[in-house]
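> Chains as they are written, first to last, in this note's numbering: chain A, 3 to 351; chain B, 125 to 340. Can you read through this structure? Questions will come right after.
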Ligand SMILES: Nc1ncnc2c1ncn2[C@@H]1O[C@H](COP(=O)(O)OP(=O)(O)O)[C@@H](O)[C@H]1O
Ligand SMILES: [Mg+2]
């Protein structure tokens with residue numbers, strides 16, 4: 003019976019091709035918007051996401067904003083003593099332009115102890131890969147503005163972005179020189195549980211510890227951006243689901259005539275439903291696969307600071323489209339099988 | 125194998141179009157059901173063939189009820205083959221495959237002997253040269269003959285044909301009736317043919333008349 007479904011596809015290649023094409027376009031649209039959403043979000047916060055820590059301790063009243071937060075370096079010892087805290091690392095943060103002659107990169111400077119377990123462990127500045135090819139090379143000396151401090155570029159690594167600027171790791175001492183200050187911006191902590199964060203707030207005055215997730219959400223602009231685009235995405239998903247569902251609903255309704263003939267020949271319900279489900283799945287899957295290939299290709303062409311398409315999102319969106327195709331088909335199959343075949347034929351004769 | 129209809133009533137909405145029909149189709153007999161358009165022939169055949177649940181009455185295919193709890197029993201229905209008045213052909217299959225598809229729906233494998241039988245049947249209805257065409261490439265009469273061939277291909281012990289000769293000329297109409305009669309006699313099948321064409325009635329073993337939903 004699978005054979006029969008396939009025969010129908012071969013007999014109407016244009017119709018099934020158009021439907022698969024429609025699914026492909028819809029899937030591509032969904033994947034592109036997903037890629038842009040994730041890319042945009044990543045450009046805002048991926049630098050924080052990549053820090054392998056559990057929480058960040060900000061200054062009270064800094065609204066979990068690294069740019070506004072400032073704490074005395076001595077708090078490190080106080081935090082380390084709090085029950086449940088496994089590691090404390092000071093962080094310095096400044097948005098700065100790194101300039102060398104005509105070449106300039108705007109960077110989110112993230113300063114840490116050279117001994118930090120997740121730090122670059124190198125002297126000088128390590129820039130995120132996105133800064134490659136902008137005229138700055140390892141060994142170059144750049145000037146950080148504001149501050150006008152000379153820094154040496156040590157290399158490039160996958161560090162991510164913060165607030166749409168490439169992250170640049172540098173030793174805390176350099177950052178303190180740049181800021182002409184003794185203190186730090188915040189502390190990154192590794193804890194045994196989130197309870198330790200509350201304990202820090204109790205033990206160390208004027209601190210506001212938050213989980214990493216909360217720190218990410220608090221990055222200026224992140225929630226507004228992801229909220230807006232998330233809503234657009236929700237509408238696109240709903241529209242795509244409706245469109246695909248309706249297309250397969252209609253496609254299956256059109257089978258009323260042939261289906262009635264097959265039922266009149268005594269074909270079992272299971273056989274027929276199996277064949278049509280296989281046909282719908284194959285058509286929708288072909289479309290989703292084409293859309294996914296196009297979406298992934300888009301990811302290859304576009305820079306990762308703009309477009310990021312995680313495989314999980316592709317699988318989830320693809321599965322959603324397949325599911326609504328099946329639901330649309332199932333809705334009409336249900337209807338077709340509750341009508342006496344003669345009446346179906348009466349309508350199509 | 126026999127088909128027995130008892131006190132069949134059927135209504136479309138509020139309008140009853142069959143008012144208690146009793147009909148016995150014994151094995152080995154070609155029964156012709158004659159009646160004017162609108163008299164209820166199609167409705168009756170569809171009910172006998174498991175294509176339409178009647179409002180009242182019972183159908184038995186060899187003692188087994190065809191409708192149980194308002195639903196058609198597939199096993200009983202599997203013993204009947206139906207030539208629909210409109211079109212019993214599947215548009216996306218060639219004429220030959222419209223015959224062979226009956227093996228698939230019945231869960232059988234098509235053998236070489238089956239292929240030969242299909243070719244012979246297409247020969248008998250004068251369609252051998254059009255075996256590879258699609259139904260949309262045939263005339264109305266050719267489609268009708270193909271549908272008869274498809275029904276006979278099943279070798280079903282009960283054959284119900286709804287105006288199988290309507291679009292055929294005298295000669296071809298007679299050939300189709302002969303084919304159906306031969307199927308009844310040689311395979312000991314119960315065959316019911318409804319028609320409003322009196323020309324080939326001499327080939328029927330029994331002629332029944334229906335008018336306004338009642339057998340006369
Ligand atoms: N689907 C339907 N809905 C309503 N009335 C119908 C339907 N099909 C047939 N009828 C009516 O039932 C009666 C019998 O129709 P039918 O069985 O097709 O007769 P015949 O095949 O002898 O021409 C006619 O009056 C016809 O108008
Ligand atoms: Mg009729």
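Think of the CB as a built atom: it goes at the ideal place given N, C-alpha and C, for glycine as much as any other residue.
With a cut-off of 5 Å, give the chain-ordered residues whose Cβ is closer than this to any heavy atom of ligand 1.
Working through the chain, the matches are A:348, B:136, B:141, B:161, B:162, B:163, B:164, B:165, B:166 and B:167.
> Could you give the distance in angstroms between the alpha-carbon of residue 136 of chain A and the alpha-carbon of residue 157 of chain A?
Position 134 of the first chain, counted from the first residue, corresponds to residue 136 of chain A. Position 155 of the first chain, counted from the first residue, corresponds to residue 157 of chain A. About 13 Å.
> Quick one: is the Cβ of residue 342 of chain A within less than 7 Å of any heavy atom of ligand 2?
Here residue 342 of chain A refers to the residue found at position 340 of the first chain. Checking the Cβ of residue 342 of chain A against ligand 2 gives no.
> For the beta strand (DSSP E) containing residue 93 of chain A, name the first residue and the last one.
Walking along the first chain from the start, residue 93 of chain A turns up at place 91. Here the beta strand (DSSP E) through residue 93 of chain A covers 87 to 102.
> Less than 8 Å between the CB atoms is what I'm expecting for residue 100 of chain A and residue 146 of chain A, so what's the real figure, rounded?
Taking the first chain and counting its residues from 1, one reaches residue 100 of chain A at position 98. Taking the first chain and counting its residues from 1, one reaches residue 146 of chain A at position 144. Going by Cβ atoms, the distance from residue 100 of chain A to residue 146 of chain A rounds to 6 Å, so yes, they are a contact pair.
> Helix, strand or coil: which one does DSSP assign to residue 355 of chain A?
Past the edges of chain A, shown from 3 to 351, lies residue 355 of chain A, and the structure says nothing about it.
> Using DSSP with H/G/I as helix, E/B as strand and the rest coil, what is residue 350 of chain A?
For this step, residue 350 of chain A is matched to residue 348 along the first chain. Residue placement at residue 350 of chain A is flagged as unreliable, the pLDDT there being 39, under the threshold of 50; a coordinate-derived value is accordingly withheld.
> Work out the CA separation of residue 223 of chain B and residue 16 of chain A for me, nearest whole Å.
Taking the first residue of the first chain as position 1, residue 16 of chain A is located at position 14. Taking the first residue of the second chain as position 1, residue 223 of chain B is located at position 99. Rounded to the nearest angstrom, the two C-alpha atoms are 26 Å apart.
> So residue 10 of chain A contacts chain B; which residues on that side make the cut at Cβ distance below 7 Å?
Position 8 of the first chain, counted from the start, is the residue given in the question as residue 10 of chain A. Result: 216.
> Skipping 5 residues on each side, what residues in its chain have a beta carbon closer than 6 Å to that of residue 210 of chain A?
In the first chain, counting from the first residue as 1, residue 210 of chain A sits at position 208. If we look at residue 210 of chain A and ignore the five residues flanking it on each side, its Cβ neighbours are 60 and 62.
> List the residues of chain B whose Cβ lies closer than 8 Å to the Cβ of residue 285 of chain A, in chain order.
For the purposes of this step, residue 285 of chain A is identified with residue 283 of the first chain, where counting begins at 1. Within 8 Å Cβ-Cβ: nothing; residue 285 of chain A doesn't reach chain B, min ~15 Å.
> Pairs of beta-carbons, one from the segment 286 to 293 of chain A and one from the segment 237 to 251 of chain B, closer than 8 Å: are there three or more?
With the cut-off at 8 Å, the segment 286 to 293 of chain A and the segment 237 to 251 of chain B do not touch.
> If you scan the segment 197 to 278 of chain B from start to end, which runs of the beta strand (DSSP E) of 3 or more residues do you find wholly inside it?
Runs of the beta strand (DSSP E) inside the segment 197 to 278 of chain B: 204 to 207.
> Could you give the C-beta distance for residue 113 of chain A and residue 176 of chain A, rounded to a whole number, given that I count them as a contact under 8 Å?
The sequence position of residue 113 of chain A within the first chain is 111, counting from 1. The sequence position of residue 176 of chain A within the first chain is 174, counting from 1. Between residue 176 of chain A and residue 113 of chain A the Cβ distance is about 7 Å, and since that is below 8 Å, they are a contact.
> Of all the beta strand (DSSP E) runs that stay within the bounds of the segment 174 to 247 of chain A, which reach a length of 3 or more residues?
The qualifying runs are 188 to 193 and 209 to 213.
> Starting from the beta carbon of residue 289 of chain B, find every residue of chain A whose beta carbon is closer than 8 Å, and list them in chain order.
For the purposes of this step, residue 289 of chain B is identified with residue 165 of the second chain, where counting begins at 1. Within chain A, no residue comes near residue 289 of chain B; the closest Cβ sits about 18 Å away, beyond 8 Å.
> Rounded to the nearest angstrom, what separates residue 152 of chain A and residue 126 of chain A at their Cα positions?
Translated into positions along the first chain, residue 152 of chain A becomes position 150. Translated into positions along the first chain, residue 126 of chain A becomes position 124. Going from the Cα of residue 152 of chain A to the Cα of residue 126 of chain A covers about 10 Å.
> Any chance the segment 87 to 99 of chain A sits against the segment 209 to 228 of chain A, with 3 or more Cβ pairs inside 8 Å?
No: fewer than three Cβ pairs fall under 8 Å.
> To the nearest angstrom, how far is it from the Cα of residue 214 of chain A to the Cα of residue 92 of chain A?
Translated into positions along the first chain, residue 214 of chain A becomes position 212. Translated into positions along the first chain, residue 92 of chain A becomes position 90. Cα to Cα, the separation comes out at about 15 Å.
> With DSSP as the reference, identify every bridge partner of residue 136 of chain B, one or two as the case may be.
As a position in the second chain, residue 136 of chain B is number 12, starting the count at 1. According to DSSP, which records beta bridges pairwise, residue 136 of chain B is partnered with B:139.
> Quick one: is the Cβ of residue 335 of chain B within less than 7 Å of any heavy atom of ligand 2?
Here residue 335 of chain B refers to the residue found at position 211 of the second chain. No, Cβ of residue 335 of chain B sits at least 7 Å from all heavy atoms of ligand 2.
> Determine the extent of the beta strand (DSSP E) in which residue 156 of chain A is found, giving its start and end residues.
Reading the first chain from its first residue, position 154 is the one you call residue 156 of chain A. 151 to 159 is the extent of the beta strand (DSSP E) around residue 156 of chain A.
> Tell me which residues of the segment 227 to 249 of chain B have at least one Cβ-Cβ distance to chain A shorter than 9 Å, keeping chain order.
Result list: 228, 229, 230 and 231.
> So, under 8 Å CB-CB, residue 175 of chain B and residue 266 of chain A are touching, yes? Tell me the CB distance rounded to an integer number of Å.
Counting from 1 along the second chain, the entry for residue 175 of chain B is found at position 51. Counting from 1 along the first chain, the entry for residue 266 of chain A is found at position 264. Indeed they touch by this definition, with Cβ atoms about 6 Å apart.
> Can you round the beta-carbon distance between residue 218 of chain B and residue 244 of chain B to whole angstroms, since I take them to be within the 8 Å contact cut?
As a position in the second chain, residue 218 of chain B is number 94, starting the count at 1. As a position in the second chain, residue 244 of chain B is number 120, starting the count at 1. That belief does not hold up - the Cβ atoms of residue 218 of chain B and residue 244 of chain B are roughly 17 Å apart, past 8 Å.
> Suppose the cutoff is 6 Å on Cβ atoms and the five residues either side in sequence are ignored; what does the same chain contact list for residue 281 of chain A look like?
Translated into positions along the first chain, residue 281 of chain A becomes position 279. Taken in chain order, the residues that qualify are 7.
> For a quick check, are the C-beta atoms of residue 168 of chain A and residue 109 of chain A less than 8 Å apart?
Against the first chain, residue 168 of chain A aligns to sequence position 166. Against the first chain, residue 109 of chain A aligns to sequence position 107. Against a cut-off of 8 Å, the Cβ pair of residue 109 of chain A and residue 168 of chain A comes out as a contact.
> Would you give the residue range spanned by the beta strand (DSSP E) that residue 1 of chain A belongs to?
With chain A covering 3 to 351 only, the question about residue 1 of chain A has no answer from this structure.
> Could you tell me whether the Cβ atoms of residue 223 of chain A and residue 165 of chain A are closer together than 8 Å?
What you label residue 223 of chain A is simply residue 221 of the first chain in a count that begins at 1. What you label residue 165 of chain A is simply residue 163 of the first chain in a count that begins at 1. Cβ distance < 8 Å, so residue 223 of chain A and residue 165 of chain A count as in contact.
> What does the Cβ neighbour count give for residue 148 of chain A, buried or exposed, with the cut at 16 atoms within 10 Å?
Here residue 148 of chain A is taken as the residue at index 146 of the first chain, counted from 1. Looking at its Cβ environment, which holds fewer than 16 other Cβ atoms inside 10 Å, residue 148 of chain A is exposed.
> Might you give, ordered along the chain, the residues of its own chain that have their beta carbon closer than 7 Å to the beta carbon of residue 190 of chain B, omitting 5 neighbours on each side?
Against the second chain, residue 190 of chain B aligns to sequence position 66. Here the set comprises 174, 183, 184, 196, 197, 200 and 201.
> Can you tell me where the beta strand (DSSP E) holding residue 180 of chain B begins and where it ends?
In the second chain, the residue the question calls residue 180 of chain B occupies position 56. Note, residue 180 of chain B: beta strand (DSSP E), 180 to 185.
> Out of curiosity, what's the CA-to-CA distance linking residue 80 of chain A and residue 86 of chain A?
On the first chain, position 78 is the one that residue 80 of chain A refers to. On the first chain, position 84 is the one that residue 86 of chain A refers to. So the two alpha carbons sit approximately 13 Å from each other.
> Flag residue 263 of chain B as yes if its beta-carbon sits less than 8 Å from any beta-carbon of chain A, otherwise no.
As a working mapping, residue 263 of chain B is identified with position 139 in the second chain. Closer than 8 Å: no.
> Is it the case that the segment 151 to 168 of chain B contacts the segment 323 to 339 of chain B, given that we only count it when at least three CB pairs across the two stretches are under 8 Å?
Taking 8 Å as the limit for Cβ pairs, the verdict is that the segment 151 to 168 of chain B does touch the segment 323 to 339 of chain B.
> How should residue 295 of chain B be labelled, buried or exposed, when 16 other C-beta atoms within 10 angstroms of its C-beta is the threshold for buried?
The residue labelled residue 295 of chain B in the question sits at position 171 within the second chain. It is exposed - the Cβ of residue 295 of chain B has fewer than 16 other Cβ atoms within 10 Å.
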